Amino acid sequence: MSLTRRTLALTAVLALAACGAPDKPAGSTAESGGAVPDTPSAPVSLNILDVAGNLQLTQGMIDEFTKQNPKVISKVTYAKATAPELAGKIKAQQDAGRVDIDLVLTGVDGLAAGIDQNLWLPIASKVTADYLQGAQAMQKLAGEFGVTVTYYPSGPLIEYLPAKVPNPPKTAQELLDYAKANPGAVQYARPANSGPGRTFLMGLPYLLGDKDPKDPVNGWEKTWAYLAELNKSVTLYPSTTSETMKSLANGSAKIIASTTGWDINPRVLGQVPKEAAIGSLQGFHWVTDAHYVTVPKGVSADKQSAILLLLKSMLTKEQQAKAYDKGYFYPGPAVKDVPLSMAPADSQKAIADYGRPEYDALISGNPLETPLDAKSLVAAFDKWDREIGGAKVNK
2 MSLTRRTLAL TAVLALAACG APDKPAGSTA ESGGAVPDTP SAPVSLNILD
52 VAGNLQLTQG MIDEFTKQNP KVISKVTYAK ATAPELAGKI KAQQDAGRVD
102 IDLVLTGVDG LAAGIDQNLW LPIASKVTAD YLQGAQAMQK LAGEFGVTVT
152 YYPSGPLIEY LPAKVPNPPK TAQELLDYAK ANPGAVQYAR PANSGPGRTF
202 LMGLPYLLGD KDPKDPVNGW EKTWAYLAEL NKSVTLYPST TSETMKSLAN
252 GSAKIIASTT GWDINPRVLG QVPKEAAIGS LQGFHWVTDA HYVTVPKGVS
302 ADKQSAILLL LKSMLTKEQQ AKAYDKGYFY PGPAVKDVPL SMAPADSQKA
352 IADYGRPEYD ALISGNPLET PLDAKSLVAA FDKWDREIGG AKVNK
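Per this note's numbering: the sequence shown = residues 2 to 396.
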């Protein structure tokens with residue numbers, strides 16, 4: 002399907018999703034061929050595909066539920082793939098009449114691609130959670146087709162080593178001036194492949210005061226002009242966020258786009274020096290992010306039953322506390338009233354050692370914005386690839 006046709010199709014699907022699916026009797030799904038029981042008729046095995054790195058946050062939740070509920074889930078198998086691979090994998094299995102992937106852990110990108118191709122079962126109304134305000138907005142973005150399981154305010158932030166950048170930029174214009182004075186020193190990954198990259202892209206309209214931050218086609222005049230000017234000083238765009246972290250650590254980049262999680266976790270893991278610092282630019286708005294559980298059409302009623310029970314467990318405060326992890330999606334919990342003190346001891350230590358006291362004030366003191374809807378995100382990625390940095394992506 003062409004990009005234009007995909008975009009138009011996605012617009013209609015998301016409009017439907019935002020309105021919510023019609024109410025059905027509890028447990029009823031036409032796609033499964035019958036009602037979903039309260040519990041499976043026999044223990045089921047689940048094949049889980051992660052395309053968002055989410056297992057780092059939720060595998061402990063899943064493993065604990067499986068151990069404690071052998072009559073619900075007998076075995077879990079995990080696999081990983083990239084978000085661009087997801088829709089093709091699921092569609093091929095559905096076309097063959099044999100769906101082997103039962104549950105997908107995905108970000109906004111994979112969720113949207115699946116909505117576009119009508120791959121997901123409507124499950125969200127079957128699960129309730131006392132979501133944080135930002136997480137509730139992310140759930141609304143998913144409609145019926147995904148359940149928010151982890152959440153963070155994300156970015157855009159800039160990250161740098163103070164010894165190499167003693168006077169970091171405080172505004173978007175200062176960042177542009179720094180890039181012009183230091184060609185190749187400012188780096189962000191291709192937005193379609195990178196959370197920090199797309200957060201930087203979506204955050205600029207707020208920083209620059211564009212006409213409509215939610216409309217990249219008609220409302221981002223200042224943003225596209227800024228990115229084109231910045232592009233003159235960017236020598237390459239890494240294809241992954243991890244590459245930007247390596248560039249920061251080895252000194253080939255001096256300032257990179259980052260987020261709360263990409264700031265903390267690579268420092269915990271020793272991939273970036275502990276002394277790396279972060280900053281926000283004047284006019285900063287958070288562009289939030291979340292990970293979702295989606296269930297492909299074709300999954301049996303018994304497996305759906307087990308997945309719903311698993312999700313209800315994952316969204317309890319006790320299990321959500323595991324989402325602090327080692328700062329990968331900081332803070333991480335999607336539900337209210339889950340302080341760090343509830344997290345496992347190793348998470349508490351990691352955040353104590355590598356977290357930043359200023360995050361509390363940054364999170365509470367700046368506006369929270371949801372990402373672009375899927376139609377607009379596709380348009381923004383396409384325009385960036387065609388007109389800004391596609392030719393410089395490190396493939």
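Yeah, the Cβ is synthetic: ideal placement off N, Cα and C, and Gly gets one too. If you're wondering where the values come from, they're calculated on a predicted model, not measured in any experiment.
The beta carbon of residue 118 is closer than 7 Å to those of 88, 92 in its chain, skipping five residues each way along the sequence.
The continuous beta strand (DSSP E) containing residue 287 extends over residues 287-295.
Residues of the same chain with a CB within less than 6 Å of the CB of residue 223, apart from the 5 flanking positions on each side, are 209, 211 in chain order. Within its own chain, the residues whose Cβ lies closer than 6 Å to the Cβ of residue 311, once the five positions on either side in sequence are excluded, are 66, listed in chain order.
The distance from the Cβ of residue 273 to that of residue 250 is about 5 Å, consistent with a contact at the 8 Å cut-off. Looking only at 168, 164, 152, 165, the smallest Cα-Cα distance to residue 337 is reached by 152. When C-alpha distances from residue 203 are compared across 214, 363, 194, 195, the shortest belongs to 214. DSSP, reduced to helix, strand and coil, places residue 138 within a helical segment of the structure shown. Per DSSP, the beta-bridge partners of residue 151 are 292.
Where residue 388 is concerned, there is no enclosing beta strand (DSSP E), because DSSP gives it neither an H nor an E. Boundaries of the beta strand (DSSP E) harbouring residue 48: 45-51, taken from the DSSP string. DSSP lists no bridge partner for residue 221. Contact between residue 296 and residue 122 holds: CB atoms are separated by about 5 Å, below the 8 Å threshold. Shown here for residue 176: same chain residues with a beta carbon closer than 6 Å to its own, the five before and five after excluded, namely 170 in chain order. The residues 148, 309, 312, 313, 316, in chain order, have a CB closer than 8 Å to that of residue 128 in the same chain once the five nearest residues on each side in sequence are set aside. Under the 10 Å beta carbon count, residue 368 is surrounded by fewer than 16 other beta carbons and is classified as exposed. Taking C-beta atoms under 8 Å as the contact rule, residue 395 and residue 237 qualify, at a distance of about 5 Å. Within the DSSP secondary-structure output, residue 336 pairs in a beta bridge with 132.
In this structure residue 55 is buried. Its beta-carbon is surrounded by 16 or more other beta-carbon atoms within 10 angstroms.
Collapsing the DSSP output to three states places residue 156 in a strand.
Distance from the CA atom of residue 79 to the CA atom of residue 230, rounded to whole angstroms, is 43 Å. Between residue 322 and residue 334, the CB-CB gap stays under 8 Å. Boundaries of the beta strand (DSSP E) harbouring residue 280: 278-280, taken from the DSSP string. In the DSSP assignment, residue 79 falls within the unbroken beta strand (DSSP E) covering 74-81. Put simply, the segment 95-103 touches the segment 35-51. At least three CB pairs are less than 8 Å apart.
In the structure shown, residue 172 adopts coil according to DSSP, grouped into three states. About 4 Å separates the CB atoms of residue 287 and residue 154; that is less than 8 Å, so the two are in contact. Remark: C-beta atoms of residue 190 and residue 241 approach each other more closely than 8 Å.
Contact between residue 156 and residue 197 holds: their C-beta atoms lie close to 6 Å from each other, under 8 Å. Its chain contains 149, 152, 289, 291, 371 as the residues whose beta carbon lies nearer than 7 Å to that of residue 139, once the 5 sequence neighbours on both sides are disregarded; these appear in chain order. Cβ-Cβ separation between residue 256 and residue 179: approximately 7 Å, consistent with a contact (criterion under 8 Å). Each residue's CA atom was taken as its position, placing residue 388 and residue 193 some 14 Å apart. One alpha carbon belongs to residue 354, the other to residue 264, and they sit about 13 Å apart.
Around the beta carbon of residue 39, fewer than 16 other beta carbons sit within 10 angstroms, so the residue counts as exposed. Taking every protein chain shown into account, the CB of residue 262 has 16 or more other CB atoms within 10 angstroms, so this residue is buried.
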